[in-house]
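J.: In the working numbering, the protein residues as written are 2 to 125.
Glycine residues also receive a C-beta, built at the ideal position from the N, C-alpha and C atoms.
If you're wondering where the values come from, they're calculated on a predicted model, not measured in any experiment.
#1: Measure the C-alpha to C-alpha separation of residue 20 and residue 32 and round it to an integer number of angstroms.
#2: Under the rule that 16 or more other beta-carbon atoms within 10 Å means buried, what is residue 85, buried or exposed?
#3: Can you list the beta strand (DSSP E) stretches of 3 or more residues lying completely in the segment 13 to 37, in chain order?
#4: Leaving out five residues on either side along the sequence, give the residues of the same chain with a beta carbon under 6 Å from the beta carbon of residue 56.
#5: Tell me which residues share the same chain as residue 92 and place their Cβ nearer than 6 Å to its Cβ, disregarding the 5 neighbours each side in the sequence.
#6: Helix, strand or coil, according to DSSP, for residue 56 in the structure here?
#7: Taking a contact to mean a Cβ-Cβ separation below 8 Å, would you say residue 5 touches residue 34 in this structure?
#8: Would DSSP call residue 9 helix, strand or coil?
#9: Suppose the cutoff is 8 Å on Cβ atoms and the five residues either side in sequence are ignored; what does the same chain contact list for residue 14 look like?
Next comes the structure, spelled out in structure tokens:
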């Protein structure tokens with residue numbers, strides 16, 4: 002398995018799909034990186050030479066914010082919103098949907114399991 006920026010990318014997949022396993026690299030950015038490194042997107046990850054892998058690593062490291070730095074930046078932005086007391090920050094703090102979704106019926110993913118009120122619950 003080739004290792005780029007501390008992430009093991011799958012060797013059997015095409016390199017354009019394998020690069021998406023890096024946090025911060027999506028479909029468009031993956032193709033941009035491969036175009037810049039002069040690598041055919043249809044090649045498999047296992048077919049890459051060490052020189053090509055190092056070229057990919059250098060491009061990603063020097064041009065884009067990925068992995069730990071990007072995660073840290075996103076978390077800092079959320080904390081900043083919460084400290085400022087903005088509407089979005091309050092929604093994050095309460096664990097409710099942030100981007101305007103309805104909450105009367107849906108949003109069970111954000112709100113968690115429905116609390117049982119006055120009914121017998123199944124023991125787990």
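T.: From the atom records:
#1: So the alpha carbons of these two residues sit roughly 9 Å apart.
#2: Classified as exposed, residue 85 has fewer than 16 neighbouring CB atoms from the shown chains inside 10 Å of its CB.
#3: For the segment 13 to 37, not a single whole beta strand (DSSP E) run of length 3 or above is found.
#4: Within the same chain, Cβ atoms closer than 6 Å to the Cβ of residue 56 are found at 38, the five residues on either side in sequence being excluded.
#5: Same-chain partners within the cutoff: 99.
#6: Helix at residue 56.
#7: At a Cβ-Cβ threshold of 8 Å, residue 5 and residue 34 do not count as neighbours.
#8: Of the three classes helix, strand and coil, the one that applies to residue 9 here is strand, per DSSP.
#9: Exclusion of the five residues before and after residue 14 leaves 45, 46 as the residues of its chain whose Cβ lies within less than 8 Å of its Cβ.
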